[in-house]
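Asker: Taking our numbering as reference, the numbering of the sequence shown is continuous, increasing by one, and the terminal residue is 623. Just so you know, even glycine gets a beta-carbon here, dropped at the ideal spot from N, CA and C. Given the structure is predicted, the values throughout are model-derived calculations rather than measurements. Supplied in structure tokens, the structure appears directly below.
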Amino acid sequence: MALTVGTAGHVDHGKTTLVHALTGKDTDRLPEERARGISIDLGYAPLELPDGTTLSLVDVPGHERFVRTMVAGATGIDLFLLVVDAAEGARAQTHEHLAILRLLGLEHGVVAVTKSDVVDPETLELTMEEARELVPSAPVVAVSGVTGAGLDELRAELAAVAADVEQRRADFPTRLFVDRVFSLHGIGTIVTGTLWSGSVGAGDQLRVEPAGRDVRVRSVQVHDVAVERAGAGQRVAASLPGVERGDVRRGDALVEAGAFPRSYRLEVSLEELEPIPDGARLTVHHGTSRIPARVVRVGEDHAQLRLAAPVVAARGDRLVLRAETTLAGAVVLDPAPPRGRDVERDRLLGEGDPRSIVRALVHEPVQVDALAARALLGGDDLDEGLDAVRVADGWAFAEDWLEETTAAVEERLRARAAEAPLEPGLALAELLPPEPWAPVVLGLLPVERRGGMAYLPGASASLGARVEAAAELERRLAASGLVATKTEDPELARFLEGEGRIVRLGDGYVVSAGAYEVAQDLVRTECATAGEITLARFRDLGGVGRRDAQLLLERMDVDGLTRRIGDRRILRRVPRAL
Ligand SMILES: Nc1nc2c(ncn2[C@@H]2O[C@H](COP(=O)(O)OP(=O)(O)OP(=O)(O)O)[C@@H](O)[C@H]2O)c(=O)[nH]1
Ligand SMILES: [Mg+2]
């Protein structure tokens, strides 16, 4: 079992002293922490329990100026250790930390009423009573970080509570929020953090988000011990060769590449401590990151958070929203929502069943693997959810989206047919945006594909408004016989040729289909008797100029009737008729 317990409580109430007493480790390492006697940054220590398991302990600062650091620490924990000074009782940050723990969905924990050595039994009992009322669900233990009184009982209670805590998901893609970065001589940059999901091992290729930098993990440690692979919930130190210390920061996420969407928007449900007006600016705490954001309210208690920097989030992630004080908690409904307020979509997300979730999340095409991570759905739940959308070649498409896309494509093809009846198709490459899903969608669209073009089913070229122009051209060709006519309308010529009405020669010249037949007959007859035909002979037989004779013969070469040998031509095959 890999669980992390985090301290909480007002400044100077004895958290760090208690952590020291429990683990033997002084987590106030910074010179400034030592000088001022308060914690400033997060501290970490392994905590051995009587049943042989080891918990990770995160010690947080209590000073009101460092609540944001407390939040960064608390987002990675599974259970809390709320510390209350027996002499002082609950104070401002006791309440604020407790509120933050609740907003983060942390229900399991123990309350330690500490400094029991400095109060009389009545005062101790008063504070214990206050603590029980404050956190009715948690056991309350009297301890002293100085004398060690009550520590065994505290360890036993932590072990009992830990047994009820649900493990983090190992079967979801790897995600770790970085809380510390340092460099060790000869090893390079090391990042630490709690593994929210998945696992990490030596040799893994991961990505530092939101910068999108690909990294390789060289080695992994859990509590200073090298391990092959660390699992979800464990506190991990990973060395990243080739990465400069300044390239990674607290707040960054180390993730399986591409598994989580990188987004400037989060759709959330709110739990407000104070009413948050539409448009409010505040700070969003997600993982170990802090991001300025603007709130766009949707419906009663939902909102879209517009972030100043992107995050890699998943459905179900818990956020804390703060300004000067803690204002609200939020649960991510969609980690990469479309812009704009959509109450119906939010309703679906709020319903929480797999089909509603998938239907709400798949607004744009998404790969099924990525959807699974984003929706935090797996196994049967995922299968059930996917029933709500169309799945093809590993992509999920919303039925609505497919309908709209189909309607838009049909509309464009109809417009194209009206505008260019001679070529009523559109190039496949231009039909859809150049997205990776485009080839899959093409296969789902009700269009006919011919030679790299898409057509409405049954659509064929027609003359439309050019009937008159066609008739005019054909009149001219009929009058010209074998003499070629230059046309300025190549589209019309291509169309009429497709219809078998004219034949296109080189340089934009055309003759009627009948004239070309006559020309071919001249060649066949001459070759049948003389065995061959020269340009000069054909010119005389056809009564045309040199240029037209040449264009006609070249077309016959192309059609495979004749083959040119120097100045002469012979028939490729002896026609059956002769
Ligand atoms: N007598 C006695 N003193 C204690 C006990 N626990 C802490 N102290 C003292 O209380 C003061 C504050 O203790 P810390 O452990 O630094 O308090 P903290 O909660 O970590 O403070 P911040 O991290 O700054 O919020 C120190 O002077 C400790 O020596 C205790 O159980 N008994
Ligand atoms: Mg401290």
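By alpha-carbon positions, which one of 262, 214, 324 and 330 ends up nearest to residue 114?
Answerer: It is 330 whose Cα lies nearest to the Cα of residue 114.
Asker: In chain order, what are the residue ranges of uninterrupted alpha helix (DSSP H) at least 4 long that sit wholly in the region 468-544?
Answerer: Runs found: 473-476, 483-489, 512-525 and 535-543.
Asker: Report the rounded CA-to-CA distance for residue 605 versus residue 458, giving the unit in angstroms.
Answerer: Distance between the alpha carbons of residue 605 and residue 458: 36 Å.
Asker: Would you tell me roughly how many angstroms separate the C-alpha atoms of residue 344 and residue 447, rounded to the nearest one?
Answerer: Straight-line Cα distance between these residues: approximately 27 Å.
Asker: Under three-state DSSP, which class holds residue 623?
Answerer: Unreliable positioning characterises residue 623 in this predicted model, as indicated by a pLDDT of 47, which lies under 50. The coordinate reading is nonetheless provided below. Three-state result, residue 623: coil.
Asker: Any chance the CB of residue 70 is under 8 Å from a heavy atom of ligand 1?
Answerer: Every heavy atom of ligand 1 is 8 Å or more from the Cβ of residue 70, so no.
Asker: Let's test the definition: count the other Cβ atoms within 10 Å of the Cβ of residue 616 and tell me whether it reaches 16, buried, or not, exposed.
Answerer: Classification for residue 616: buried.
Asker: Is the CB-CB distance between residue 466 and residue 511 below 9 Å?
Answerer: In this structure, residue 511 lies closer than 9 Å to residue 466 by Cβ.
Asker: Smallest Cα separation from residue 301: which of 318, 357 and 321?
Answerer: Selected option, being the one with the closest Cα: 357.
Asker: Which one of 383, 468, 387 and 189 has the shortest CA to CA distance from residue 411?
Answerer: Nearest C-alpha to residue 411: 383.
Asker: Suppose you measure from the CA of residue 527 to the CA of residue 460; what does that come to, to the nearest Å?
Answerer: Approximately 38 Å between the Cα atoms of the pair.
Asker: Can at least three beta-carbon pairs, one atom from the region 311-319 and one from the region 292-301, be found at a separation below 8 Å?
Answerer: Result no; under three Cβ-Cβ pairs closer than 8 Å.
Asker: In whole angstroms, what is the alpha-carbon distance linking residue 530 and residue 587?
Answerer: So the alpha carbons of these two residues sit roughly 15 Å apart.
Asker: How is residue 292 classed by DSSP in three states: helix, strand or coil?
Answerer: If DSSP states are grouped into helix, strand and coil, residue 292 belongs with the helices.
Asker: I'd like the list of long-range same chain contacts for residue 254, defined as Cβ closer than 7 Å, with 5 residues on each side in sequence excluded.
Answerer: Excluding sequence neighbours, residue 254 sits near 297, 298, 300, 307 and 357.
Asker: Residue ranges of each alpha helix (DSSP H) run of no fewer than 4 residues wholly in the region 175-238, ordered along the chain?
Answerer: Within the region 175-238, the complete alpha helix (DSSP H) runs of at least 4 residues are 196-207.
Asker: Per the DSSP calculation, residue 440 is bridged to which residue(s)?
Answerer: DSSP lists 412 and 437 as partners of residue 440.
Asker: Using only the alpha-carbon positions, how far apart do residue 226 and residue 288 sit?
Answerer: Roughly 11 Å separates the two Cα atoms.
Asker: Closest by CA to residue 439, which one among 453, 354 and 417?
Answerer: Cα-wise, what sits closest to residue 439 is 417.
Asker: Terminal residues of the continuous alpha helix (DSSP H) containing residue 587?
Answerer: Its alpha helix (DSSP H) spans residues 580-587.
Asker: Could you work out which residue in 215, 79, 501 and 214 is closest to residue 62 when comparing CA atoms only?
Answerer: The residue with the shortest Cα to Cα distance from residue 62 is 79.
Asker: Quick test of your reading: residue 400 and residue 379, contact by CB under 8 Å. State the CB separation rounded to the nearest angstrom.
Answerer: About 15 Å separates the two Cβ atoms, so there is no contact after all.
Asker: Is residue 111 helix, strand or coil by DSSP?
Answerer: Three-state result, residue 111: helix.
Asker: Can the beta-carbon of residue 246 be found closer than 9 Å to that of residue 260?
Answerer: Not a contact, by the Cβ cut-off of 9 Å.
Asker: State the Cα-Cα distance for the pair residue 207 and residue 154, rounded to the nearest angstrom.
Answerer: Going by the C-alpha atoms only, they are around 8 Å apart.
Asker: May I ask you to report which of helix, strand or coil DSSP gives residue 403?
Answerer: The answer is helix: DSSP assigns residue 403 an H, G or I state.
Asker: Ordered along the chain, which non-local residues of its own chain (more than five positions away) have a Cβ less than 7 Å from that of residue 376?
Answerer: The residues are 313, 314, 361 and 363.
Asker: Nearest to residue 65 by alpha carbon, out of 93, 165, 77 and 138?
Answerer: Nearest of 93, 165, 77 and 138 to residue 65, Cα basis: 93.
Asker: Looking only at DSSP bridge pairs, what is residue 140 linked to?
Answerer: Partner(s): none; residue 140 has no beta bridge.
Asker: With respect to 8 Å, is the separation between the Cβ of residue 336 and the closest non-hydrogen atom of ligand 1 below this value?
Answerer: No.
Asker: For the region 272-283 and the region 234-246, state whether three or more C-beta atom pairs, one from each stretch, are separated by less than 8 Å.
Answerer: They touch, by the three-pair rule.
Asker: Using alpha carbons as the reference points, say which of 537, 566 and 525 lies closest to residue 590.
Answerer: Answer by Cα proximity: 525.
Asker: Is residue 160 near ligand 2, judged by its Cβ being under 8 Å from some heavy atom?
Answerer: Because no heavy atom of ligand 2 lies under 8 Å away, the Cβ of residue 160 does not count as near it: no.
Asker: Hey, is the region 47-54 in contact with the region 96-110, meaning 3+ C-beta pairs nearer than 8 Å?
Answerer: Result yes; three or more Cβ-Cβ pairs closer than 8 Å.
Asker: For residue 215, which residues from the same chain have a beta carbon less than 6 Å from its beta carbon, with the 5 sequence-adjacent residues on both sides left out?
Answerer: So the list reads 276 and 277, once near-sequence residues are dropped.
Asker: For ligand 2, which residues have a Cβ under 7 Å from at least one heavy atom, in chain order?
Answerer: Result: 60, 61, 73, 83, 84, 104, 106 and 107.
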